[in-house]
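Those sequence lines, one after another, are chains A and B. All residue numbers for the first sequence refer to our numbering, where the first residue is 24 and numbers rise by one. All residue numbers for the second sequence refer to our numbering, where the first residue is 24 and numbers rise by one. The structure under discussion appears below in the form of structure tokens.
There are 2 protein chains.
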Amino acid sequence: MTASVSSRLLTVLRTFSHRTPSQTLSEISRRSGLPLTTAHRLVHELLQGGALERDEDGRYRIGLWLWELAALAPRGLGLRELAMPFLEDVFEATRQHAQLAVLDGADAVFLERISGRGAVHVFTRVGGRLPLHATGVGLVLLAHADRELQESVIAGPLQRFTRHTVADGEQLRRRLADIRRDGYVISSRAIEEISLSVAAPVYGADDRVAAAVSTVVPYGQYDPLTLVPLIRAAARGMSRVLGAPSASGLPKSVRRTSLPWQPN
Amino acid sequence: MTASVSSRLLTVLRTFSHRTPSQTLSEISRRSGLPLTTAHRLVHELLQGGALERDEDGRYRIGLWLWELAALAPRGLGLRELAMPFLEDVFEATRQHAQLAVLDGADAVFLERISGRGAVHVFTRVGGRLPLHATGVGLVLLAHADRELQESVIAGPLQRFTRHTVADGEQLRRRLADIRRDGYVISSRAIEEISLSVAAPVYGADDRVAAAVSTVVPYGQYDPLTLVPLIRAAARGMSRVLGAPSASGLPKSVRRTSLPWQPN
DNA sequence: GCTGCGGTTTCCGCTGAGTGGAAGGCGGGC
DNA sequence: GCCCGCCTTCCACTCAGCGGAAACCGCAGC
Numbered sequence: 024m025t026a027s028v029s030s031r032l033l034t035v036l037r038t039f040s041h042r043t044p045s046q047t048l049s050e051i052s053r054r055s056g057l058p059l060t061t062a063h064r065l066v067h068e069l070l071q072g073g074a075l076e077r078d079e080d081g082r083y084r085i086g087l088w089l090w091e092l093a094a095l096a097p098r099g100l101g102l103r104e105l106a107m108p109f110l111e112d113v114f115e116a117t118r119q120h121a122q123l124a125v126l127d128g129a130d131a132v133f134l135e136r137i138s139g140r141g142a143v144h145v146f147t148r149v150g151g152r153l154p155l156h157a158t159g160v161g162l163v164l165l166a167h168a169d170r171e172l173q174e175s176v177i178a179g180p181l182q183r184f185t186r187h188t189v190a191d192g193e194q195l196r197r198r199l200a201d202i203r204r205d206g207y208v209i210s211s212r213a214i215e216e217i218s219l220s221v222a223a224p225v226y227g228a229d230d231r232v233a234a235a236v237s238t239v240v241p242y243g244q245y246d247p248l249t250l251v252p253l254i255r256a257a258a259r260g261m262s263r264v265l266g267a268p269s270a271s272g273l274p275k276s277v278r279r280t281s282l283p284w285q286p287n
Numbered sequence: 024m025t026a027s028v029s030s031r032l033l034t035v036l037r038t039f040s041h042r043t044p045s046q047t048l049s050e051i052s053r054r055s056g057l058p059l060t061t062a063h064r065l066v067h068e069l070l071q072g073g074a075l076e077r078d079e080d081g082r083y084r085i086g087l088w089l090w091e092l093a094a095l096a097p098r099g100l101g102l103r104e105l106a107m108p109f110l111e112d113v114f115e116a117t118r119q120h121a122q123l124a125v126l127d128g129a130d131a132v133f134l135e136r137i138s139g140r141g142a143v144h145v146f147t148r149v150g151g152r153l154p155l156h157a158t159g160v161g162l163v164l165l166a167h168a169d170r171e172l173q174e175s176v177i178a179g180p181l182q183r184f185t186r187h188t189v190a191d192g193e194q195l196r197r198r199l200a201d202i203r204r205d206g207y208v209i210s211s212r213a214i215e216e217i218s219l220s221v222a223a224p225v226y227g228a229d230d231r232v233a234a235a236v237s238t239v240v241p242y243g244q245y246d247p248l249t250l251v252p253l254i255r256a257a258a259r260g261m262s263r264v265l266g267a268p269s270a271s272g273l274p275k276s277v278r279r280t281s282l283p284w285q286p287n
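Following this line, the structure appears as structure tokens:
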């Protein structure tokens with residue numbers, strides 16, 4: 024690990040998590056492993072810039088400026104903004120949960136969750152992560168991810184949440200093939216016994232899967248198959264506004280021809 | 024301005040705006056005023072940390088990690104999370120716009136906007152800012168802000184958006200007094216001729232105004248007075264979940280002394 | 001009151017990390 | 001071909017970042 028100022032700054036920021044949304048200076052110092060003095064200076068510089076704020080108890084928390092900045096993230100609020108009307112549609116239909124997630128590393132990151140009052144319990148939180156094999160959106164994202172990632176997840180340990188969690192590699196492999204064939208997934212009681220989710224892929228302008236949309240409803244109260252057209256319609260709508268050729272009816276020749284990432 | 028690495032880093036990040044959500048290295052260098060080489064190094068360090076990403080054209084954009092981090096901001100997503108169900112209620116009632124904003128500096132910063140398909144046009148964008156005197160939420164926030172801020176806005180130049188914008192200091196002062204008396208505001212055609220907004224204050228655990236909620240509807244299609252109970256009910260609901268004594272009916276002696284939306 | 005404790009802030013001399021000019025590479029337009 | 005804009009690597013100088021030491025502050029317990 025480098026010891027540049029930049030990396031130290033990010034280390035300081037990384038000490039914030041959903042379990043520690045606000046911290047004292049000493050906590051930051053301990054968690055980051057930086058000497059107190061150093062943490063003090065860095066924190067103050069972040070404070071000057073508005074990246075951090077202090078609450079009335081003197082504890083540090085993520086500042087509003089950082090939140091405004093992050094609102095510019097194309098894969099964050101940008102995507103969410105475009106998808107929102109369709110998410111609303113999904114929410115309206117069940118008044119339970121409508122969710123939008125993207126792939127990052129080996130996790131599904133949740134961009135949005137609209138939930139009804141008294142809806143069934145979910146672990147999801149906006150800005151939070153869940154493993155790919157245990158969630159509807161995760162399975163969809165994994166099914167369309169790089170072969171490499173798929174194999175690594177299939178091979179790796181698969182945490183079991185309930186007795187319905189797909190925890191076997193080969194079973195998972197078949198599951199992913201089914202998802203590619205069907206264009207949706209029903210993930211029933213895989214993360215909590217009380218709920219199931221129906222998810223479908225959202226395509227971006229490069230016609231690759233950019234996100235996944237899902238609904239989560241209580242197990243036993245819905246025939247999940249009736250929710251499939253709803254989710255697929257929402258997914259198609261989102262793909263369309265993202266400019267996906269396959270969803271807008273454009274011929275393949277109009278595809279954008281851009282190269283994948285250039286890792287330096 | 025200091026020239027610390029930290030401040031340079033933040034300067035780099037500050038070059039991103041909603042007009043420039045993705046930039047080339049040279050653009051960042053020019054806009055930040057940093058030598059190309061320096062910008063290059065800083066940008067790469069931000070890239071390593073996941074604060075920035077590169078898109079398929081090699082342009083830099085705000086990274087997903089930064090967005091996840093910002094989701095921890097108590098005054099950002101934290102507040103939004105608690106307010107969301109009530110915002111949904113407001114949205115349901117008109118299917119136009121439901122908005123949530125907080126005060127920062129001399130601006131209203133919008134935390135959330137739920138909008139119907141085909142709703143009337145608004146300038147609002149999530150993560151964006153608008154001046155206090157021209158918006159419903161802004162007037163509410165200003166009416167309950169420090170005396171100092173109020174006077175500074177009253178004195179300062181008041182940008183006129185339409186002929187209905189409150190652009191006179193004394194008129195604004197009276198307006199603010201009315202808002203404190205009534206507990207809501209109807210801001211009609213003040214920012215665009217086509218729309219009006221109804222807004223009310225949301226109280227935090229310290230019984231000070233923490234945010235403002237509003238709806239925006241097309242001018243002429245609604246009697247704004249009929250929307251007042253709706254907005255006030257939503258505002259009260261939000262105040263309650265934030266733990267505001269005045270909204271929960273608790274005696275002052277039971278006041279919580281810490282912020283409600285970080286209930287450690 | 002005094003004492004200890006946990007957290008915060010200021011001070012300051014040493015030094016290696018950050019700096020940025022120079023130069024080379026890449027690609028696209030004419 | 002040539003030029004131009006953008007990106008990347010290299011490297012020697014020096015000043016900004018570093019962090020130990022010590023003071024400071026508020027509070028709880030004796």
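From the three backbone atoms N, C-alpha and C, an ideal C-beta is built for every residue, glycine too.
Opening and closing residue of the alpha helix (DSSP H) in which residue i lies
i, result
"residue 147/A", "Unbroken run through residue 147/A: none, as it is neither H nor E."
"residue 120/A", "Segment 120-127 is the beta strand (DSSP E) holding residue 120/A; no alpha helix (DSSP H) there."
"residue 31/B", "28-37"
"residue 42/A", "Counting along the chain, residue 42/A falls outside any alpha helix (DSSP H), and DSSP gives it neither H nor E."
"residue 48/A", "48-55"
Proximal residues to residue i (C-beta, below 6 Å), its chain only, five neighbours per side dropped
i, result
"residue 109/A", "257, 260 and 261"
"residue 61/B", "none"
"residue 59/A", "52"
"residue 114/B", "121 and 137"
"residue 106/A", "123 and 261"
"residue 157/B", "184, 188, 213 and 214"
"residue 264/B", "105"
Inter-residue Cα distance where the pair is residue i and residue j
i, j, result
"residue 207/A", "residue 255/A", "7 Å"
"residue 123/A", "residue 98/A", "11 Å"
"residue 176/B", "residue 111/B", "32 Å"
"residue 235/B", "residue 26/B", "37 Å"
"residue 83/B", "residue 34/B", "15 Å"
"residue 168/A", "residue 199/A", "10 Å"
"residue 127/A", "residue 201/B", "50 Å"
"residue 81/A", "residue 47/A", "7 Å"
"residue 42/B", "residue 94/B", "22 Å"
"residue 252/B", "residue 205/B", "12 Å"
"residue 117/B", "residue 247/A", "30 Å"
"residue 217/A", "residue 224/A", "24 Å"
"residue 152/B", "residue 190/A", "47 Å"
"residue 285/A", "residue 184/B", "Note on residue 285/A: pLDDT 30, under 50, position unreliable in the model; no value is reported."
"residue 241/B", "residue 37/B", "35 Å"
"residue 166/B", "residue 89/B", "33 Å"
"residue 279/A", "residue 78/A", "Any answer about residue 279/A is weak, because its pLDDT of 40 lies below 50 and its placement is not dependable; what the coordinates show is given next. Distance between the alpha carbons of residue 279/A and residue 78/A is about 47 Å."
"residue 174/B", "residue 188/B", "18 Å"
"residue 142/B", "residue 229/B", "35 Å"
"residue 186/A", "residue 197/A", "18 Å"
"residue 15/A", "residue 92/B", "Any question about residue 15/A goes unanswered here, given that chain A covers just 24 to 287."
Contacting residues, own chain, Cβ-Cβ under 7 Å from residue i (five flanking each side not counted)
i, result
"residue 154/B", "130, 161 and 182"
"residue 221/B", "159, 207, 209, 237, 238, 247, 250, 251 and 254"
"residue 45/B", "78, 82, 83 and 84"
"residue 28/B", "none"
Local Cβ density within 10 Å of residue i, reported as buried at 16 or more and exposed below that
i, result
"residue 267/B", "buried"
"residue 180/B", "exposed"
"residue 144/B", "exposed"
"residue 178/B", "exposed"
"residue 243/A", "exposed"
"residue 269/B", "exposed"
"residue 194/A", "exposed"
"residue 40/B", "exposed"
"residue 203/A", "exposed"
"residue 227/A", "buried"
"residue 103/A", "buried"
"residue 56/B", "exposed"
Sequence-distant residues of its chain with Cβ nearer than 8 Å to residue i (five each side left out)
i, result
"residue 76/B", "70, 83, 84, 85, 86 and 87"
"residue 66/A", "35, 48, 51, 75 and 83"
"residue 231/B", "167"
Start and end residues, beta strand (DSSP E) containing residue i
i, result
"residue 288/A", "Because chain A is modelled from 24 through 287, residue 288/A falls outside the range shown and cannot be assessed."
- Secondary structure, alpha helix (DSSP H): runs of 4+ residues fully inside the segment 62-122 of chain B: Entirely contained in the segment 62-122 of chain B, the alpha helix (DSSP H) runs reaching 4 residues are, in chain order, 87-93 and 102-117.
- Would you mind listing the beta strand (DSSP E) stretches within the segment 204-286 of chain A that are 3+ residues and don't spill past its ends, in chain order? List check, beta strand (DSSP E) in window: 208-211, 218-226 and 232-241.
- Mind pulling the beta strand (DSSP E) runs of 3 or more residues that sit fully within the segment 149-197 of chain B? The qualifying runs are 152-154.
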